[in-house]
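K.L.:
Residue numbers (our numbering): 41 to 198. Okay, here's the structure, questions in a sec.
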């Protein structure tokens, strides 16, 4: 077979069976985590169990993906296309806008004193999309002026 990092597949029972395939961790590495457990109708929230490290890393880093998917589900372009590649294209555009909005929001929180990042308190994804649209229109207008200038004042001789 091909050479590369070892791949392992494992399952772990949380509330239901969870499966994972990974190259990032070792199946024998474990971490202590709290797990809810119901005994005789009473929930025990301090139940300590051993969880494989791969599942802990997945849960730690999956939050950003879930956040992006949640925003994308409610704020997408939703174009019905007959061609599959067009649907993928518009989905990727939506994904790029949502991810850039998330990065912008994080930078805005981290650098609140930076003047270029100042926005109203209720600045949301719709505002961000509108700002992107305005910038796009300005760039398009500038590009049209440049093309007009070049075609009007070019000194081409044939």
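Just so you know, even glycine gets a beta-carbon here, dropped at the ideal spot from N, CA and C.
When you compare the CB positions of residue 142 and residue 108, do they come within less than 8 Å of one another, or not?
P.N.:
yes
K.L.:
Given this structure, state the Cα-to-Cα distance separating residue 127 from residue 178, to the nearest angstrom.
P.N.:
Between residue 127 and residue 178, the C-alpha separation is close to 27 Å.
K.L.:
What's the C-alpha gap between residue 69 and residue 82?
P.N.:
31 Å
K.L.:
Looking only at DSSP bridge pairs, what is residue 50 linked to?
P.N.:
60
K.L.:
Would you identify the three-state DSSP class for residue 99, choosing helix, strand or coil?
P.N.:
Helix, per DSSP.
K.L.:
If you draw a straight line from the C-alpha of residue 162 to the C-alpha of residue 170, how long is it?
P.N.:
14 Å
K.L.:
What alpha helix (DSSP H) runs, 4 residues minimum, are completely inside the region 114-163?
P.N.:
124-150
K.L.:
How many Å lie between residue 50 and residue 57 at the Cα?
P.N.:
10 Å
K.L.:
Give the range of the alpha helix (DSSP H) segment to which residue 171 is assigned.
P.N.:
165-193
K.L.:
Among the residues of its own chain, which have a CB less than 7 Å from the CB of residue 204, if the five just before and after it don't count?
P.N.:
Past the boundaries of the shown model lies residue 204; the chain is included only from 41 to 198, so the question cannot be answered.
K.L.:
Of the choices 164, 158, 66, 75, whose alpha-carbon is the least far from that of residue 94?
P.N.:
With distances taken between Cα atoms, residue 94 lies closest to 66.
K.L.:
Tell me, which residues are paired with residue 70 by DSSP?
P.N.:
92
K.L.:
Skipping 5 residues on each side, what residues in its chain have a beta carbon closer than 7 Å to that of residue 52?
P.N.:
58, 91, 92, 95
K.L.:
Report the residue from 84, 122, 112, 71 whose alpha carbon sits nearest the alpha carbon of residue 98.
P.N.:
71
K.L.:
Per DSSP, residue 109 forms a beta bridge with which residues?
P.N.:
According to DSSP, which records beta bridges pairwise, residue 109 is partnered with nothing at all.
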